[in-house]
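Peer 1: Start counting the sequence shown at 251; every next residue gets the next number (the numbering used here).
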Amino acid sequence: MKNYIHSIAVLTFAAFLTSCGGDKKETVALNETPVSVTVGTVQGDNNSPFLTASGKIQADNSANLSTRMMGFVDKIYVNVGDKVTKDQLLISINNADLQAKLAQVNASITEATAAYKNAEKDYQRFQNLFAENSASQKELDDMTARFEMAKARLEAANQMKNEVNAQFAYVNIRAPFSGIVT
251 MKNYIHSIAV LTFAAFLTSC GGDKKETVAL NETPVSVTVG TVQGDNNSPF
301 LTASGKIQAD NSANLSTRMM GFVDKIYVNV GDKVTKDQLL ISINNADLQA
351 KLAQVNASIT EATAAYKNAE KDYQRFQNLF AENSASQKEL DDMTARFEMA
401 KARLEAANQM KNEVNAQFAY VNIRAPFSGI VT
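1. What does the alpha-carbon distance come out to for the pair Ala-357 and Lys-306?
2. Could you tell me the alpha carbon to alpha carbon distance between Ala-346 and Ala-385, rounded to whole angstroms?
3. Can you tell me where the beta strand (DSSP E) holding Ile-326 begins and where it ends?
4. Is Lys-333 helix, strand or coil by DSSP?
5. Which first and last residues belong to the alpha helix (DSSP H) in which Leu-348 is found?
6. For Ile-423, which of helix, strand or coil comes out of DSSP?
7. Does Tyr-366 pass the burial test, meaning 16 or more other C-beta atoms within 10 Å, or should it be called exposed?
8. Taking 7 Å as the limit between beta carbons, can you name the residues of its chain near Val-328, skipping five residues before and five after?
9. Could you tell me which residues DSSP puts in a beta bridge with Ile-341?
10. Between which residues of its own chain and Asn-311 is the CB-CB distance below 7 Å, once the five residues before and five after are set aside?
11. First and last residue of the alpha helix (DSSP H) that includes Glu-282?
12. Which first and last residues belong to the alpha helix (DSSP H) in which Met-208 is found?
13. Would you kindly check if the distance between the Cβ of Met-399 and the Cβ of Tyr-373 is under 9 Å?
14. Report the CB separation of Ala-425 from Lys-325 in whole angstroms; it is logged as a contact under 8 Å.
15. Count the other C-beta atoms from every protein chain shown that fall within 10 angstroms of the C-beta of Ala-362, then say buried if there are 16 or more, exposed otherwise.
16. Classify Ala-402: buried if its beta carbon has 16 or more other beta carbons within 10 angstroms, exposed otherwise.
17. Apply the 10 Å Cβ neighbour rule to Leu-301 and answer buried if 16 or more other Cβ atoms are within range, or exposed otherwise.
18. Please classify Ile-430: does DSSP put it in a helix, a strand, or coil?
19. Output yes or no for whether 9 Å exceeds the beta carbon distance between Glu-370 and Leu-379.
Laid out in structure tokens, this is it:
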């Protein structure tokens, strides 16, 4: 039986070989013209509306602000992130000591003005007395010196007032240019 199965397998295999093989070759004729093709490389395209980049952001103008006046901050008018315009008030410093000094200077001016007016009247009297030979040259010289000192004290008091008024400019910190507080 084994020979019988073996014989059938060999005959089947031989039949298969004869049916597949042959000298005749078929050719297919194509009458179509070839299509022109352009070959390119594939590139990835990210159509995302966001762009990721690294870099450094730097402001055109930057300023560190300070004041000549020592004192406590009275009020802060802006916060970090606020937009400011040039010369906008940012911070005010407590100026109670300057107010007191100004009052003192004004009192000095009042006192110096009174002393000046009195010395001026005395000087004019002594000039008249000297012209009538009722006062000596020394008395006139002393009165002239007193008048000039009173005049100088009044001028010094006025200059002191100018100095105190100039210091008031430093109790407020203002924006040097328009921008954003950081």
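Cβ coordinates follow ideal geometry from the N, Cα and C atoms, glycine included.
Keep in mind it's a predicted model, so treat the numbers as computed, not measured.
Peer 2: For this structure:
1. Distance between the alpha carbons of Ala-357 and Lys-306 is about 58 Å.
2. Ala-346 and Ala-385 have their C-alpha atoms spaced approximately 50 Å apart.
3. For Ile-326, the enclosing beta strand (DSSP E) covers residues 323-326.
4. Looking at Lys-333 - three-state DSSP - the assignment turns out to be strand.
5. For Leu-348, the enclosing alpha helix (DSSP H) stretches over residues 346-381.
6. When DSSP states are grouped into helix, strand and coil, Ile-423 belongs to the strand group.
7. Answer is buried; the Cβ neighbour count reaches 16.
8. Counting only residues of its own chain and dropping the five nearest sequence neighbours on each side, Val-328 has a CB closer than 7 Å to the CB of Val-334, Leu-340 and Val-431.
9. According to DSSP, Ile-341 bridges with Ile-326 and Ile-423.
10. In its chain, beyond the 5 residues on either side, Phe-427 and Gly-429 have a beta carbon closer than 7 Å to the beta carbon of Asn-311.
11. Secondary structure note for Glu-282: it is in no alpha helix (DSSP H), with a DSSP letter that is neither H nor E.
12. Not covered by the structure: residue 208. The range shown for the chain is 251 to 432.
13. No, these two residues do not count as a Cβ contact at 9 Å.
14. So it is not a contact: roughly 15 Å between Cβ atoms.
15. Counting Cβ neighbours within 10 Å, Ala-362 comes out buried, since at least 16 surround it.
16. An exposed status is given to Ala-402, since fewer than 16 other beta-carbon atoms sit within 10 Å of its beta-carbon.
17. By the 10 Å Cβ count, Leu-301 comes out exposed.
18. Secondary structure of Ile-430 (DSSP, three-state): strand.
19. Leu-379 sits away from Glu-370, with the two beta carbons spaced by 9 Å or more.
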